[in-house]
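Here is the structure we will look at, set down as structure tokens.
Protein chains: 2
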Amino acid sequence: MKRREFLTKTGTAAAAAVAASALGAPAVIAQPKYQWKMVTTWPPNMPVLQTGADRFAKRVEEVSEGRMKIQVFAAGELVPALGVFDAVSDGTVECGSGAGYYWAGKVPAAQWFSAVPFGFNPQGINAWFYSGGGLQLWEEVYAPFNVIPRPQGNTGVQMGGWFRKEMKTIDDFKGLKMRIPGLGGKVVAKAGGTVVLLAGGEIFTSLERGVLDATEWVGPLHDLRMGFYKAASYYYYPGWHEPGTCLEVMFNKKAYEGLPRDLQLILDTVAAETNLWSLCEFEAGNGAALQSLIADHNVNLLQFPEAMMDALRKMAEETLEEEADKDPMSRKVHDAYKKFKAQVGIWGTVADSAYFKVIADEYQLKKS
Amino acid sequence: MKRREFLTKTGTAAAAAVAASALGAPAVIAQPKYQWKMVTTWPPNMPVLQTGADRFAKRVEEVSEGRMKIQVFAAGELVPALGVFDAVSDGTVECGSGAGYYWAGKVPAAQWFSAVPFGFNPQGINAWFYSGGGLQLWEEVYAPFNVIPRPQGNTGVQMGGWFRKEMKTIDDFKGLKMRIPGLGGKVVAKAGGTVVLLAGGEIFTSLERGVLDATEWVGPLHDLRMGFYKAASYYYYPGWHEPGTCLEVMFNKKAYEGLPRDLQLILDTVAAETNLWSLCEFEAGNGAALQSLIADHNVNLLQFPEAMMDALRKMAEETLEEEADKDPMSRKVHDAYKKFKAQVGIWGTVADSAYFKVIADEYQLKKS
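First to last, the protein sequences are chains V and G.
Residue 120 in the numbering used here is what sits at position 34 of the first sequence, and the numbering runs on without skipping anything.
Residue 415 in the numbering used here is what sits at position 329 of the second sequence, and the numbering runs on without skipping anything.
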């Protein structure tokens, strides 16, 4: 009903504009409208994740002078969270928002475009996408499914997770029931853990009841909101399993290719702008949330022991090679990822890493 | 001549479109055109810096369906490099591209929006701009000059510079003739150095002839191109004086406010997209260039000694306070900068810094 009413009004406006043109008055012509639907894997109002998708849609509308309008549906409102890729692929909707590792069952190589254990941080993965051929490769991976991907966000380096016991050696992973998705989960399984997959809404209760011994989520901004500190008191860093998770927007190929070139570029440009904005939101919000967790909620903030990181890193390398061997596209992506990592890695060591070392003592963490 | 010809053609097309509308045919109405000029502080074709300004203009034209066209002039082509701010301010041109510290003589507080010694890295300064109130403050600083600023690029953490002798202690700065701009230069002066200001084209010869003992420029990608390795063999890191220099695009207030809202947002969005792209270009290019400098040109890559960093950092804090005391706006900006730094700093230590420590040994630097 509403849509029909809208179209009628638009038609009237266009007719009026045409009439005005014929009379030589200043023309305000109603352009053809594109009405799209976007489905996401995020709960309604989830900060940065869902609000970032909302922001993307709003800005596309503004920048396109209203020629394009995207209606956003959170997880479950139109399709289930994990049905997003299929809905975009089969053209049920024109676009979707999620993260590559959610489609690992159907597109194993997609995982490399979201998070790789001990892989790129945000700066590295963005450089790979925009200046190192990563985005073209990602397009190639999604092409058989008629889906066109774009980076749309980045969580930054995540936290290592919430644990109900202190983690002293790599052996503490043996028998540990942990909620952890993607390639990181496969590494935990290799270390002897039992990997549990749960949707966001079920994690807290499972952790509180001891069904889970540990969980990872995102970073302080989101973890504080989830209340995990009430169910587990050890909060570990850094998030070796997701050191710069990329969030994606996906377009149905036919829908995207049916747009005029300037609207395609508006989608691409606003996606990149949202990508940058989201990392800034995480960066600005995580610090304050972490301080609140420590000061107000008495969380034990702990760094994973070095020997444990070394062991997990070795297992991660093995895991990545094993996963890459399972299908040719994963192998192609993994090799390209490694090649670019070798190219930029030395620079990260000299620039960012050395600089962080210089300013390291500036911020003393209050440990309980 | 060309402009007139263009306007005539546009007029004809618009008339034809109006005629077509009157007949009920699909309307392709020529919108009002905005023809702008952009002047920059960069030499022609300088990678990322000038090519980034060119890319910005091209994308604005594409995204706006050609409604807006920006003609870009490199340094000296229309106004001198350091005349960019004034040209935008007085409306000689509608926009410009540069970096805040170039206008320190006229707008001291502008320096905080480009590079602060021992200050934000790219992730931190972007978070301040987009999610921490930094951009609004920057707008306030430029408002009296009728200039509207937007972040348009970031060099990433820079290199510490090229030195003709090894730098062992803070005393080695005494009497050192170094080319280094901005607040970093003031710190070197405090350490006893003689700060020399030279435009890009004059640095190499001065360094080769010993008129300079040292110079900083940007990072490996640009430094390799400048050939500094032929004149100084010690290449130091990290760039404590410019740990994430922001490049800016500026709009004349009247020109910007005369645009329809969607074109204003196109400028803003493309500026942010260019900001992200430029950091990616630096990230992707610096690693390969650094490896070439070490492997092909036998450069001595050295890290500044810890004690020297500690001493410079102390001097930087003093310098920043002294500069902030010189005018009320600088004080306001410096205090806001420090406040946001305290908010995000703890997070950088936990997330990025700890993660870099974990992967630090992945890339062994070849030292000569």
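Here a beta-carbon is modelled for each residue, glycine too, at the ideal position from N, C-alpha and C.
Owing to the predicted nature of the structure, the values given are computational and were not obtained by experimental measurement.
Residue(s) in a DSSP beta bridge with V/LYS123: V/LYS123 is bridged to V/GLN157.
C-beta neighbour in chain G for V/SER200, strict 8 angstroms: No, no contact with chain G.
Burial state of G/GLU404 (16 or more Cβ within 10 Å): exposed
8 angstroms Cβ cutoff met for G/MET264 and G/GLY287: no
Burial state of V/GLY268 (16 or more Cβ within 10 Å): buried
V/VAL243 beta carbon less than 8 angstroms from that of V/ASN207: yes
Any C-beta of chain V under 8 angstroms from that of G/CYS459: With chain G represented from 87 up to 454, any question about residue 459 of chain G goes unanswered, as that position is not in the structure.
Rounded straight-line distance, which links the Cα of G/PHE199 to that of G/HIS308: 22 angstroms
Closest residue to V/MET394 among V/LYS260, V/VAL304, V/LEU135 (Cα-Cα distance): V/LYS260
Close Cβ partners of G/ILE256 (< 8 angstroms) along its chain, the five nearest in sequence each way excluded: ALA277, ALA393, MET394, ALA397, LEU398
Beta-carbon contacts of G/ALA317 that lie in its chain and below 7 angstroms, excluding the five residues immediately before and after: PHE290, LEU293, GLU294
CB contact below 8 angstroms: V/ASN384 versus chain G: V/ASN384 does not count as touching chain G.
Alpha helix (DSSP H) segments (min. 4 residues) lying fully within the region 301 to 368 of chain G: 306 to 312, 339 to 343
Bridge partner(s) assigned by DSSP for V/SER34: Nothing in the structure corresponds to residue 34 of chain V, since chain V is present only between 87 and 454.
Partner residues on chain G for V/LEU353, Cβ-Cβ distance less than 8 angstroms: Simply none; closest approach about 10 angstroms.
Length of the line joining the Cα atoms of G/LYS340 and G/MET154: One C-alpha to the other measures close to 16 angstroms.
Neighbourhood of G/ARG145 by C-beta distance below 6 angstroms, restricted to the same chain and skipping five residues each side: Correct list, in chain order: VAL356.
Distance, G/LEU365 Cα to G/GLY191 Cα: 27 angstroms
First and last residue of the uninterrupted beta strand (DSSP E) at G/PHE249: Where G/PHE249 is concerned, the enclosing beta strand (DSSP E) stretches over 247 to 249.
Where G/ARG236 falls, given that 16 or more other Cβ within 10 Å makes a residue buried: buried
Sub-8 angstroms separation of V/LEU333 and V/ASN240 beta-carbons: yes
Neighbour-count burial assignment, G/GLY313, 16 or more Cβ in a 10 Å radius: exposed
Endpoints, the beta strand (DSSP E) within which G/ASN240 is located: It spans 233 to 240 - the beta strand (DSSP E) in which G/ASN240 sits, taken as one unbroken run.
Run of the beta strand (DSSP E) containing G/VAL281, from where it starts to where it stops: Its beta strand (DSSP E) spans residues 280 to 282.
Interface residues of chain G facing V/GLN389 [CB-CB closer than 7 angstroms]: Simply ALA440.
Expected contact under 8 angstroms - CB spacing of G/PHE171 and G/VAL233 to nearest Å: With a Cβ gap of about 7 angstroms, G/PHE171 and G/VAL233 count as contacting.
Min CB distance V/GLY286 to chain A below 8 angstroms: The chain labelled as chain A is not found among the protein chains of the depicted structure, namely V and G.
Cutoff 8 angstroms: G/TRP122 Cβ touching any chain V Cβ: no
G/ASP299, buried or exposed, once every other Cβ within 10 Å from all chains shown has been counted against 16: Classification for G/ASP299: buried.
Minimum Cβ-Cβ distance from G/ILE256 to chain V less than 8 angstroms: no
Min CB distance G/ASN372 to chain V below 8 angstroms: yes
Whole-number beta carbon distance between V/MET245 and V/GLY305, since they are thought to touch under 8 angstroms: 5 angstroms
V/TYR323 beta carbon less than 8 angstroms from that of G/VAL444: Going by C-beta atoms, G/VAL444 is not nearer than 8 angstroms to V/TYR323.
Chain-ordered residues of the region 209 to 220 of chain G with a beta carbon less than 9 angstroms from chain V: GLN209, GLY210, ASN212, ALA213, TRP214, PHE215, TYR216, SER217, GLY218
Same chain, Cβ closer than 8 angstroms to V/GLU369, five either side skipped, listed in chain order: GLY242
Anticipated Cβ contact below 8 angstroms, V/ALA195 with V/VAL165, distance rounded: Contact doesn't hold; Cβ gap of about 23 angstroms is too wide.
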